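In the numbering used here, the protein residues as written are 17 to 374. We put the beta carbon where it would ideally sit given N, CA and C, even for glycine. Remember, it's a predicted structure, so these values are computed and weren't measured experimentally. Reading through the structure tokens given below for one structure.
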Ligand code: SF4
């Protein structure tokens, strides 16, 4: 049984490894009824669930250690739990002993990284989210058709590095709406924009609006690159942020979609919003004058971390929890093909739908 793949919203498991507060939050007095609005959807997306299970299954199938290039997903709790099970996280394939097993993270890799792994005779398991792979394919296709590709994304993010690596000569990275006002594009070329999967929908549309004002022939991607999970979590927080005195987003600082949730909450009227990895980071003074707290979590966050937050909020008197659901999610992805067979070489049917455990 996995200790961390219980991203399902119905989970009530609290693993003993979730950090707990040493102190207790004390009930706050406020002249209005106290409540928690719990955003749904929140937490694990299909791509994260698949990537985490891929590492666990690789450990099961090949034994420890299994190397993982970069954080498998951007969450420090998930990474530390997988390390306990025998995963070793590295920055580059050059750090991995020849012939070892390596898992590529959910954020995807460039062809140069795949080649680097092959050069070291590494047994690669590709846990790139299929929705990131979709953007890679678009980049390859439009580069072949001689488009100039304007990639909207954050410089230095692993996903952006992987996507740009698929068509390095044809891409221009645009990080902000302001950059859209000044970017230089060669004349006479067909132009299309693509994006990182975990951006703010509103900010991306603003970037596109400014680009199109300068380049009216700019084409849209064939389908949304900002993934369903990023969009759904933003829609949910937009709905509850206006009535929230405080928004708590569970997620790590390097998780793009989690950081976006804080920004979106503030933009849509939350009086304050904080990003935390663990409930131990909640501070008593955040509750001054607060009656309504919204809670959500990024797409790489297991539900156990949210459950611990809710338990601690109970101590502060926020024991009325209302879930506000704005979408249903049932997408599941098959595991990477290297992991779909059992020890006897038969296709393991349980791996074809992504989530393989309760
Ligand atoms: S956030 Fe979106 S793109 Fe990233 S792993 Fe999840 S489903 Fe895939």
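If we require 3 or more residues per run, which beta strand (DSSP E) segments fall completely within the stretch 251-294?
Those beta strand (DSSP E) runs which fall completely within the stretch 251-294 and span 3+ residues are 262-266, 289-292.
Is it right to say residue 97 is buried, meaning 16 or more other beta carbons lie within 10 angstroms of its own, or is it exposed?
Classification for residue 97: buried.
Just verifying my parser: in three-state terms, what is the DSSP assignment at residue 69?
The answer is helix: DSSP assigns residue 69 an H, G or I state.
Of all the options 155, 42, 62, 78, which has the alpha carbon lying nearest to the alpha carbon of residue 317?
Nearest option by C-alpha distance: 62.
Report the partner residues of residue 312 according to the DSSP bridge assignment.
Looking at the DSSP assignment, residue 312 forms a beta bridge with 265.
Output the distance between the C-alpha atoms of residue 362 and residue 352, rounded to the nearest integer angstrom.
Each residue's Cα considered, the two are about 15 Å apart.
Alpha carbon to alpha carbon, how far is residue 163 from residue 325? Give it in angstroms, no decimals.
Each residue's alpha carbon lies about 47 Å from the other.
Any heavy atom of the ligand SF4 closer than 6 Å to the beta-carbon of residue 351?
No, the Cβ of residue 351 stays beyond 6 Å of every heavy atom of the ligand SF4.
Per DSSP, residue 211 is paired with what?
Looking at the DSSP assignment, residue 211 forms a beta bridge with 168.
Can you check the stretch 186-241 for any beta strand (DSSP E) of at least 3 residues that lies completely inside it and give the ranges in chain order?
Runs found: 187-190, 207-211.
Considering only the alpha carbon of each residue, which of 112, 248, 166 lies closest to residue 198?
Checked all of 112, 248, 166; the closest Cα to residue 198 is 166.
Do residue 82 and residue 122 have their beta-carbon atoms positioned less than 7 Å apart in this structure?
No; because the gap between Cβ atoms is not below 7 Å, this pair is not in contact.
Could you tell me the boundaries of the beta strand (DSSP E) in which residue 158 lies?
It is not in any beta strand (DSSP E) - residue 158 instead sits in the alpha helix (DSSP H) that spans 146-160.
Could you tell me the distance, in whole angstroms, from the CA atom of residue 208 to the CA atom of residue 149?
Roughly 18 Å separates the two Cα atoms.
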